[in-house]
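These notes are about the structure you will find just below.
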Amino acid sequence: MHIPKMKRASLFIALFIAALSSCAPKKYAVKSYEAQLRTISDTIPADASMVRFIATYKTRLDSVMDKVIGMALVPLTKAQPESTMGNFAADAQLEAGKKLDNLVTLSVVNYGGLRIPFLPAGNITKGKIYEIMPFDNLVTIVEVPGTVLQTFCDHMAARKGWPVSGFSYTIIEGKAVDIKVGGEALRPNAVYKLATSDYIANGGDECEFLTGLKKQGSPVLLRDAIMEKVINDSRRNKGIEPKLENRVHYAE
């Protein structure tokens, strides 16, 4: 039987599509599942193969993280409205900001970014700074009008105070009053250059009032800025010794 060329082509295409359809992967769906909560504790024996697997990496990691980079002459604590740990981190960020732009005068670190509550006096290891600041936040410069700085201070006051450097404010009923920049009253019409993290500069922690402002990014990690200050202060002063300076406080 003779099949015209046109029909032969159509038949071939139909057979080809049918073949492809028969090769399509099967679709599977979960019909049922079971879940169980298990308490993880030291009563569960370690998996020997996993311990061996991790050991190689842990040895290399410990050799880096256990390196002593400086000395704390006093314990550092995380607290609100002001703390020694917060002041040190904010000062470190301000110093890093000034290296990027010498017109930077202010620094803000979000309270939640500091991840441990206490650093004892004594040797400070690189790993301990990673514990304080585990995030890869980058130091960012933001040009902040005085009116927005008031909003920012109110935002921090409503959250019981964040670490700051270069300025101060008093908290009354969740609002910031008596804001002073470099010892002088806040000027609503001025524009201040402020160092903070890229996370905060881009609106994190409900700081959306900063998103539309002019910014200067940098490759400098806030964690590295803190480490650099630990190293430098320890060389100059044999250790770090941050103090409470009434930067943020409640009205009496």
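Numbering (our numbering), first residue to last: 79 to 330. Backbone N, C-alpha and C define an ideal beta-carbon position, used for all residues, glycine too.
Could you give the first and the last residue of the continuous beta strand (DSSP E) run that contains residue i?
i: Gly360; result: In this structure the chain extends from 79 to 330, so residue 360 is not present and cannot be described.
i: Met149; result: 146-150
Considering just the uninterrupted stretch of the alpha helix (DSSP H) at residue i, what are its terminal residues?
i: Lys337; result: Any question about residue 337 goes unanswered here, given that the chain covers just 79 to 330.
i: Asp142; result: In the sequence as presented, Asp is not what sits at residue 142; that position holds Val. That run of the alpha helix (DSSP H) goes 126-143.
i: Leu227; result: 224-236
i: Ser312; result: 300-315
Residue i and residue j: beta carbons closer than 7 angstroms?
i: Ser296; j: Leu216; result: yes
i: Pro241; j: Ala167; result: yes
i: Gly260; j: Ile219; result: no
i: Thr183; j: Gly244; result: yes
i: Gly205; j: Met143; result: yes
i: Lys293; j: Ala279; result: yes
i: Leu181; j: Lys258; result: no
i: Asp283; j: Asn188; result: yes
i: Ser275; j: Arg325; result: no
Whole-angstrom Cβ separation of residue i and residue j, contact assumed at under 8 angstroms?
i: Pro320; j: Gly239; result: In fact, because the Cβ distance is near 16 angstroms, the residues do not count as touching under 8 angstroms.
i: Ala232; j: Ala254; result: Reading the sequence as shown, one finds Asp at residue 232 and not Ala. Sure, about 5 angstroms apart at Cβ, within 8 angstroms.
i: Met305; j: Ile122; result: Rounded, the Cβ-Cβ distance is 36 angstroms, inconsistent with contact.
i: Tyr208; j: Arg301; result: 7 angstroms
i: Asp179; j: Leu299; result: Contact flag wrong, Cβ pair sits at about 17 angstroms.
i: Lys307; j: Met149; result: In fact, because the Cβ distance is near 13 angstroms, the residues do not count as touching under 8 angstroms.
What are the partner residues of residue i, as DSSP defines its beta bridges?
i: Gln294; result: Ile219
i: Thr248; result: Val255, His327
i: Ala273; result: Ser185, Ile219
i: Ser243; result: Ser185
i: Glu262; result: Val259
i: Phe196; result: Thr155
i: Ile318; result: Ala150
Review point. Counting pairs of beta carbons, one from the segment 184-194 and one from the segment 131-145, are three or more of them closer than 8 angstroms?
Key: no
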